[in-house]
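> In UniProt numbering, the protein residues as written are 21 to 519.
Cβ coordinates follow ideal geometry from the N, Cα and C atoms, glycine included.
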Ligand code: MTE
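#1: Rounding to the nearest angstrom, what Cα-Cα distance links residue 377 and residue 395 in this structure?
#2: According to DSSP, is residue 65 helix, strand or coil?
#3: So, do the region 278 to 285 and the region 329 to 347 have three or more beta carbon pairs nearer to each other than 8 Å?
#4: Could you check the C-alpha separation between residue 509 and residue 492 for me, to the nearest Å?
#5: Would the beta-carbon of residue 157 fall within 8 Å of that of residue 126?
#6: Does the Cβ-Cβ distance between residue 405 and residue 225 come in under 8 Å?
#7: For residue 152, which of helix, strand or coil comes out of DSSP?
#8: May I have the straight-line CA-CA distance separating residue 419 from residue 289, to the nearest angstrom?
#9: Taking the C-alpha atoms as reference points, what is the distance between residue 413 and residue 117?
#10: Would you mind sorting residue 494 into buried or exposed? The rule is 16 or more other CB atoms within 10 Å of its CB.
#11: Apart from the five residues just before and just after residue 238, which ones in its own chain have a Cβ nearer than 6 Å to its Cβ?
#12: Would DSSP call residue 365 helix, strand or coil?
#13: Which first and last residues belong to the alpha helix (DSSP H) in which residue 174 is found?
#14: Name the one or two DSSP bridge partners that residue 467 has.
#15: Quick one: what's residue 514 bridged to in DSSP?
#16: Distance, Cα to Cα, residue 442 vs residue 455?
#17: State the Cα-Cα distance for the pair residue 216 and residue 390, rounded to the nearest angstrom.
#18: Do you know offhand how far residue 500's Cα is from residue 354's?
#19: Give the list of continuous alpha helix (DSSP H) stretches no shorter than 4 residues that lie fully inside the region 327 to 351.
#20: Where do the N-terminal and C-terminal ends of the alpha helix (DSSP H) with residue 199 fall, by residue?
#21: Between residue 261 and residue 187, how many whole angstroms is the CB-CB distance? I'm expecting something under 8 Å.
#22: With a Cβ-Cβ cutoff of 8 Å, do residue 183 and residue 263 count as a contact?
#23: What separation, rounded to the nearest whole angstrom, lies between the Cα atoms of residue 235 and residue 133?
#24: Residue 198 and residue 219 look like a contact to me (Cβ under 8 Å); what is the Cβ gap, rounded to whole Å?
#25: Who are the near neighbours of residue 428 in its chain, counting only those whose CB is closer than 8 Å to its CB and skipping five residues on each side?
#26: Below 7 Å, is the gap between the Cβ of residue 157 and the nearest heavy atom of the ligand NAD?
#27: Kindly indicate the opening and closing residues of the beta strand (DSSP E) around residue 83.
#28: Indicate the three-state DSSP secondary structure (helix, strand or coil) for residue 309 in the structure shown.
#29: Cα separation between residue 194 and residue 490?
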């Protein structure tokens with residue numbers, strides 16, 4: 021759970037290879053060995069114009085507009101900065117006096133749990149107006165504790181330990197640096213939407229306070245992630261029979277031990293599930309808040325499975341025993357209230373209540389909260405929003421009701437992810453970019469619906485619901501639950517009529 025005890029206290033270079041998995045030393049780093057000096061060097065000045073050189077590969081290969089938006093550039097690898105034209109200081113004053121006071125953050129992010137740990141979403145309008153990709157500085161953040169402070173040298177030395185039941189590498193455990201991963205396996209870049217299981221929880225908390233804090237509908241973001249396929253790594257080490265789970269552990273220290281969770285080995289080994297060990301995000305190294313130097317990224321599943329600051333992978337007969345694997349990311353039965361869930365620990369250990377795939381969901385971004393619709397009655401207004409399915413399932417329809425669900429009309433849907441299926445290339449920074457044979461939907465889609473101001477003026481509310489290709493439809497009623505997770509009832513924007 022987004023546990024009350026832990027939460028309520030309260031993101032250049034113009035070098036040609038900025039996405040080398042290992043950030044190279046800045047010019048004043050005197051510790052470079054000769055081996056390290058073969059790594060590409062970076063500069064600490066922002067390029068002119070303010071446009072990532074890394075995106076040139078996409079441009080040259082005919083990538084869609086969605087890939088080519090300007091994005092955040094790091095100032096140095098230790099402290100990636102947010103664009104100078106957007107904020108005066110990369111360090112948000114609110115972080116002073118917290119363990120995260122070195123982490124660059126965009127003050128436009130809305131903090132949901134006080135100062136620390138950092139749990140934040142952009143304003144829905146800011147997020148939506150970014151388009152398909154979210155700038156790294158506006159990408160939602162969910163941290164259970166302090167961000168591990170990792171400098172360039174530590175990142176080069178960072179080891180992911182792999183242990184447990186496998187055949188290929190017998191000296192148990194074995195370790196991989198990020199460079200080992202990069203040299204041993206195919207490097208790939210894929211667009212992935214991450215969504216926190218608590219997205220839209222605020223609506224649940226209004227009905228009855230759950231154990232978690234109030235996410236709006238912006239606990240969702242999309243980025244290009246670069247790394248190696250987990251399935252390739254697991255294939256290489258050849259898990260033995262009986263290694264039914266793959267356990268992942270992060271490098272953050274939390275009151276009840278490190279953050280960790282697991283995947284069914286059959287899913288983790290299947291490339292269709294698309295899991296990657298990623299060091300790149302939007303063409304640049306991960307930012308501290310998003311798991312620098314390396315994280316697991318699990319598309320189509322709740323964000324909680326994408327372990328940041330990845331330190332350990334274990335092939336195991338049993339699922340993760342980490343505290344938060346049990347006490348987080350569960351949808352308990354509705355009759356189990358927060359008090360009962362706190363008192364009777366057994367609820368958390370029932371494997372039936374674990375959440376893996378995201379459920380179908382959608383939200384309205386335009387009109388925005390408190391937006392005043394002006395204009396003549398015959399003017400057209402375009403309602404807009406997003407929709408996503410889980411487990412790679414495509415959104416097959418989005419429906420709008422202007423009469424509280426009595427009648428429904430079809431909205432237009434755009435799938436920017438599909439534009440990725442039309443081009444492929446290999447690149448020194450991004451590795452293989454090729455979704456041409458991929459039929460999974462791991463990203464959000466956008467819907468729009470045109471309506472006259474007159475109709476909106478006569479409507480009590482704008483209601484939206486989506487369906488995915490398994491015919492799962494967002495429900496009319498909220499499934500309230502103690503953790504306040506997976507809230508996906510019809511999204512409703514009330515219209516107030518001004519005289
Ligand atoms: N990994 C570690 N090590 N520690 C964490 O607190 N939070 C998880 C997941 N991975 C977490 C973690 C949760 S609950 C979510 S929703 C995602 O990271 C959020 O990823 P983001 O902060 O990059 O958006």
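With the structure as the only source:
#1: 42 Å
#2: Because residue 65 carries a pLDDT of 33, less than 50, the predicted location of this residue cannot be relied on, and no value is offered for it.
#3: yes
#4: 12 Å
#5: A contact, by the Cβ cut-off of 8 Å.
#6: no
#7: coil
#8: 36 Å
#9: 44 Å
#10: buried
#11: 141, 142, 144 and 147
#12: It is helical.
#13: Note, residue 174: alpha helix (DSSP H), 172 to 177.
#14: 405 and 433
#15: 481
#16: 8 Å
#17: 25 Å
#18: 6 Å
#19: As far as the region 327 to 351 is concerned, its whole alpha helix (DSSP H) runs of at least 4 residues are 343 to 346.
#20: Residue 199 -> alpha helix (DSSP H) spans 198 to 204.
#21: No, residue 261 and residue 187 are not in contact; Cβ-Cβ is about 10 Å, not under 8 Å.
#22: no
#23: 10 Å
#24: About 30 Å separates the two Cβ atoms, so there is no contact after all.
#25: The residues 419, 420, 421 and 485, in chain order, have a CB closer than 8 Å to that of residue 428 in the same chain once the five nearest residues on each side in sequence are set aside.
#26: This structure lacks the ligand NAD; the ligands present are the ligand MTE.
#27: It is not in any beta strand (DSSP E) - residue 83 carries neither H nor E in the DSSP assignment.
#28: helix
#29: Between residue 194 and residue 490, the C-alpha separation is close to 40 Å.
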